[in-house]
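In this note's numbering, the protein residues as written are 5 to 398. Just so you know, even glycine gets a beta-carbon here, dropped at the ideal spot from N, CA and C.
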Amino acid sequence: LTDPSHMETKMWVIFLSVTAVLLAGLLVALLPLLYTTFMKRPRRCLDGNCLQVARKFSYSELVAATGNFSQDRKIGKGSFGDVYRGLLPVPDLREVAVKEMRQPTLKRNRKNYVHEIETLCQLRHKNLLRLIGWCDDGGRLVLVYELEPNGSVSDHLHDGGTSGRILTWPQRYNILLGIAAAIDYIHNGAYDSTKRYVLHRDIKPSNVMLGEGFEAKLGDFGLVRQVIRHGGGGTPRTTVIGSMDYMDPKYIELGTLSSASDIYSFGLVLLEVATGVRPSVPGTAAHRNTLIAAVTESHRRKAILEMVDEQLRGELNQWWWQMERVMVTGLACVEPARDERPSIKDVIDLLSKHEQSPASSRYLKDTSMRPKDRLPFILTRNVALANARATSLP
Numbered sequence: 005l006t007d008p009s010h011m012e013t014k015m016w017v018i019f020l021s022v023t024a025v026l027l028a029g030l031l032v033a034l035l036p037l038l039y040t041t042f043m044k045r046p047r048r049c050l051d052g053n054c055l056q057v058a059r060k061f062s063y064s065e066l067v068a069a070t071g072n073f074s075q076d077r078k079i080g081k082g083s084f085g086d087v088y089r090g091l092l093p094v095p096d097l098r099e100v101a102v103k104e105m106r107q108p109t110l111k112r113n114r115k116n117y118v119h120e121i122e123t124l125c126q127l128r129h130k131n132l133l134r135l136i137g138w139c140d141d142g143g144r145l146v147l148v149y150e151l152e153p154n155g156s157v158s159d160h161l162h163d164g165g166t167s168g169r170i171l172t173w174p175q176r177y178n179i180l181l182g183i184a185a186a187i188d189y190i191h192n193g194a195y196d197s198t199k200r201y202v203l204h205r206d207i208k209p210s211n212v213m214l215g216e217g218f219e220a221k222l223g224d225f226g227l228v229r230q231v232i233r234h235g236g237g238g239t240p241r242t243t244v245i246g247s248m249d250y251m252d253p254k255y256i257e258l259g260t261l262s263s264a265s266d267i268y269s270f271g272l273v274l275l276e277v278a279t280g281v282r283p284s285v286p287g288t289a290a291h292r293n294t295l296i297a298a299v300t301e302s303h304r305r306k307a308i309l310e311m312v313d314e315q316l317r318g319e320l321n322q323w324w325w326q327m328e329r330v331m332v333t334g335l336a337c338v339e340p341a342r343d344e345r346p347s348i349k350d351v352i353d354l355l356s357k358h359e360q361s362p363a364s365s366r367y368l369k370d371t372s373m374r375p376k377d378r379l380p381f382i383l384t385r386n387v388a389l390a391n392a393r394a395t396s397l398p
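See the structure below:
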């Protein structure tokens, strides 16, 4: 007679063997789907037209274009990768900027890579850096951009630029107008503005490239976030990530973002471009930004023009009113409370004016005014030049 326990064991062996075979077969069947979903995800764009807009490169093509990512061709460093100058062969025969992502196997880095592709495939604006193509080959993640010949704004402010030329004030002012136009586009014009908008999350001079005519091109969309407009139009709590020196303190405190977070970063860009001074948050995030503190103190003493970049002193007599306007607007953008910061449209309205009346004398003299009450005075068109020039030249 057969031992019942032996029969039971045999049945279990058969059952487990069949189950293992079925599971293995199912896994094999699902592998293509899993690969497409997770490894080839950059092929998917929200508008379904990514492959029509951006070209897919092989890694070997980009190795050839950059001289095997030679250090001699390294031209910059982004949030998540190094940037190299590359030359595409015939029939393209043009120079490009090639960004190879660091630590491509990290989930967060792949997510940022996909976000940047999906976003730039949908966005088209003269003040945004143009994506040419991408590469997801053998675990390597690479982005290919149009190469802008004059480097970044940061290069010119702090490193003498690509040609050693100092940016003149009119060039700086036009650059700021271009950045503002790019922010307005992603906040209000890229999509149906009643439903969603885009947050850049990393606006700073090193992420603004300069074209042949020194026009601004906002780039590095690795931290970009699409936001559904609801209530205050902000985001749920998220991991704090980005450039601390340009970061909205409310983001650090609350872990949430809104369009006012980009406004805060742009406010620091306004101050940095006018003063030539890098912002800095010493020690912990609880400390105040040193650039904001310095400009605020000068403004309190009614001597804000003392902060103008030394390299611009020769242009001060002609452009003092624009310089003052930029710094006063920058201070409004970096107000601690988000609801007291101007919108990007208010900022553009102010910066686009040509009158030599950056603010009323009341605004300049009364530094105790609430920030939300200041903007109407800044935007006033018909203020006498004598009153507007309440701040004496240093």
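Asked	Found
Spatial neighbours of Leu-272 in its chain, beta-carbon cut-off 6 Å, leaving aside the 5 residues before and after	Tyr-250, Pro-283
Pairwise C-alpha distance: Gly-137 and Gly-155	20 Å
Residue span of the beta strand (DSSP E) that contains Leu-222, given as start and end	220 to 222
Min CB distance Asn-154 to chain C below 7 Å	You won't find chain C in this structure, because it holds only one protein chain.
Segments assigned beta strand (DSSP E), at least 3 residues, entirely inside the stretch 144 to 176	144 to 150
Through-space distance from Thr-242 to Glu-319, alpha-carbon basis	44 Å
Local Cβ density within 10 Å of Thr-400, reported as buried at 16 or more and exposed below that	Because the chain here runs from 5 to 398, residue 400 falls outside it and cannot be looked at.
Ile-296 to Leu-275 span [Cα, whole Å]	8 Å
Rounded separation between Gly-142 and Arg-342 - CA only	44 Å
Coil, strand or helix - Val-57 by DSSP	helix
Through-space distance from Leu-171 to Pro-253, alpha-carbon basis	30 Å
Reference Met-311; option with closest CA among Arg-292, Met-331, Gln-175	Met-331
Range covered by the beta strand (DSSP E) that runs through Asp-141	135 to 141
Beta bridge counterpart(s) of Ala-101 as assigned by DSSP	Arg-89, Tyr-149
Paired residues, beta bridge with Leu-261 - DSSP	BP columns for Leu-261 are empty, so no partner.
Rounded separation between Ile-121 and Thr-13 - CA only	55 Å
Strand pairing of Tyr-63, partner residues [DSSP]	None, per the DSSP bridge assignment.
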